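Participant: Numbering-wise, the working numbering comes out as the position in the sequence shown, counting from 1, plus 62. We treat Cβ as the ideally placed atom computed from N, Cα and C, and that holds for glycine. Just so we're clear, the structure is a prediction, and the values are computed from it rather than from any experiment.
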Amino acid sequence: MSTVLIIEQILNGLQFGVMLFLMAAGLTLIFGVMGLINLAHGSLYMVGAFAAAAVAASTGSFLLALAASLAAAAIVGAIIELVVIRRLYDRDHLDQVLATFALILIFSETTRWLFGSFPLFLDVPEALSGTVTLPGGIAYSSYRLMIISVGIIVAVGLFLLISKTRIGMRIRAGENDREMIGALGVDISKLYTLIFALGAALAGLSGALVGAIQSVQVGMGEPVLILAFVVIVIGGIGSIKGALVGAILVGLTDTLGRVMLPLFFANFMEQSSATSVGSSLASMSIYILMAAVLIFKPTGLFGRA
């Protein structure tokens, strides 16, 4: 395997990891602060992707499409928090799972009714449609590099928001002792709505960014949601740093596994069999990684007991 191919796959893994981080960051905020298992988080990813595709088709502007994905996902997230989620905080996790699973069905059928069953396509902006020559003469997609850059900017922004601002102080306090900050006069309801809307906006942005690489279709959020749960289990529930590290580990493990494992098994068996075995093991690799982390660190890499 050439060095160029390895570097390209590492960059692909980083891009995949950044996309997972945008999903997992909102999910870990919601679960860590609010104690809510939100299976509908993948639907908010889908809302952002469809909003971006619809606005891009109408205006031709990719920036407006990204803004629409953030706004649509945040607004929808705030609405479902006010109407549905708020009634689930004091219920057990089974009730939360059932209610948010019902939201998945509602979102899927509503989206199918509004946009139809056929996939939509979001074009990569012309300015980012080419490649960038990296050190060593490696040509890599400008758009994928932009996704990596956006993920880094969001990670830094979330760190500063949570560690350096008054709102971040309230979020951290709410994670540790929600009754106490309520007694000190903080409006818990508004704080929870803000957190849920922020998590939804990050999911929507992730959906919009990936929508230009893949097709935008009903049900696209659920497979990503499963991987986002793997990320927060590996990184530690409630930890933004853990979500970033976990997402990068999952992205690299999955991407490199899908390339290297078939090549490895090709030394021992026919090409078709090697591809089949390697792809199957690559699909399992992220769950093997999660199991290995939990054996040595049951709370995740940066989680607390």
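Using the Cα positions of Ser345 and Leu325, report the straight-line distance between them to the nearest angstrom.
Facilitator: 15 Å
Participant: Among residues of its own chain, excluding the 5 on either side of Ile302, which ones have a beta-carbon nearer than 8 Å to its beta-carbon?
Facilitator: Apart from sequence neighbours up to five positions away, the residues of its chain that approach Ile302 with a beta-carbon distance below 8 Å are Ala87, Thr90, Leu91, Ala217, Leu220, Phe221 and Ile224, ordered along the chain.
Participant: Rounded to whole angstroms, what's the CA-CA distance from Gln71 to Lys359? Just pull it up for me.
Facilitator: 28 Å
Participant: Looking only at its chain, what residues have a beta carbon closer than 7 Å to the beta carbon of Phe258, apart from the 5 residues adjacent to it on each side?
Facilitator: Cβ neighbours of Phe258 beyond the five flanking positions: Ile92, Gly139, Ala140, Glu143 and Ile147.
Participant: Thinking Thr337 and Gly75 are a contact (beta carbons under 8 Å), I'd like their distance in whole angstroms, please.
Facilitator: The pair is not a contact, with the Cβ atoms about 19 Å apart (cut-off 8 Å).
Participant: For the beta strand (DSSP E) that Ser203 lies in, which residues bound it at each end?
Facilitator: Ile200 to Ser203
Participant: If you compare alpha carbons, which of Pro197, Phe180, Ala134 and Tyr205 is closest to Ser191?
Facilitator: Tyr205
Participant: Between which two residues does the alpha helix (DSSP H) holding Leu76 run?
Facilitator: Thr65 to Met96
Participant: Can you give the beta carbon distance from Gly266 to Ala113, rounded, assuming they're within the 8 Å contact cut?
Facilitator: 7 Å
Participant: With a threshold of 6 Å on Cβ separation, who are the neighbours of Gly230 within its own chain once the five nearest residues in sequence on each side are excluded?
Facilitator: Leu223 and Ile224
Participant: With a CB to CB cut of under 6 Å and the five nearest residues on each side skipped, what residues in its chain are close to Ile310?
Facilitator: Gly79
Participant: Is it right to say Ser131 is buried, meaning 16 or more other beta carbons lie within 10 angstroms of its own, or is it exposed?
Facilitator: buried
Participant: Identify whether Thr193 lies in helix, strand or coil by the three-state DSSP scheme.
Facilitator: strand
Participant: Enumerate in chain order the residues of its own chain whose CB-to-CB distance from Gly405 is below 6 Å, with the five nearest sequence positions on each side excluded.
Facilitator: This structure cannot settle anything about residue 405, because the visible part of the chain is limited to 63 through 367.
Participant: Would you kindly check if the distance between the Cβ of Val293 and the Cβ of Gly283 is under 7 Å?
Facilitator: Their beta carbons are not under 7 Å apart, which means Gly283 does not touch Val293 by this criterion.
Participant: Quick one: measure Cβ to Cβ for Ser251 and Leu165, integer angstroms, because I've assumed they're closer than 8 Å.
Facilitator: About 19 Å; that fails the 8 Å criterion.
Participant: Which class does Arg182 belong to by DSSP, given the choice of helix, strand or coil?
Facilitator: According to the sequence shown, residue 182 is Leu rather than Arg. Looking at Leu182 - three-state DSSP - the assignment turns out to be strand.
Participant: Sort Phe169, Glu171, Ala189 and Leu176 by Cα distance to Ser123 and report the nearest one.
Facilitator: For Ser123, the nearest C-alpha among the options comes from Ala189.
Participant: So is Ile215 buried or exposed if we call it buried at 16+ other beta carbons inside 10 Å?
Facilitator: exposed
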